[in-house]
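Let me begin by presenting the structure, written as structure tokens, before commenting on it.
Residue numbers (the working numbering): 701 to 820.
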């Protein structure tokens, strides 16, 4: 199986995510796709450390497979999307740590990611 999205890794490690005060923003997308069948698989991300100043919602959504090296590239698959909404009136820093399991072709590998959030 190949990873469906790398949004969790790039968003978490590249930079702080800006969230508008009083609004909801998708901060991550996670899932896997079987490289032979192009069918979705994977488990819902685990919230290791929830936000101190907001709440999360995890929803199943459709997403295009973005791995250009995959024979499934461009096809639509199901993925878990993680949304953050700050508490009413909150402005400042927050963070969330998520864990997802991705199959590397042999075993499930756990990936923990910490997201730095700036509510403005």
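For glycine and all other residues, C-beta sits at the position ideal for the given N, C-alpha and C.
Residue 712 to residue 811 span [Cα, whole Å]: Residue placement at residue 712 is flagged as unreliable, the pLDDT there being 43, under the threshold of 50; a coordinate-derived value is accordingly withheld.
Taking Cβ to Cβ, would you say residue 787 is nearer than 8 Å to residue 754? yes
Helix, strand or coil: how does DSSP classify residue 765 here? coil
Within 10 Å of its beta-carbon, does residue 906 have 16 or more other beta-carbons around it, so buried, or fewer, so exposed? Outside the shown range of the chain (701 to 820) lies residue 906, about which nothing can therefore be said.
Who are the near neighbours of residue 775 in its chain, counting only those whose CB is closer than 6 Å to its CB and skipping five residues on each side? 738, 765
Spatial distance of residue 731 from residue 791 (CA atoms): 31 Å
Looking only at C-alpha atoms, which of 743, 789, 747 sits nearest to residue 783? 747
My understanding is that residue 752 touches residue 794, with C-beta atoms under 8 Å, so please give their C-beta distance in whole angstroms. 6 Å
Can you give the Cα-Cα distance for residue 816 and residue 726, rounded to whole angstroms? 13 Å
Spell out the partners DSSP gives residue 786 in its beta bridges. 754
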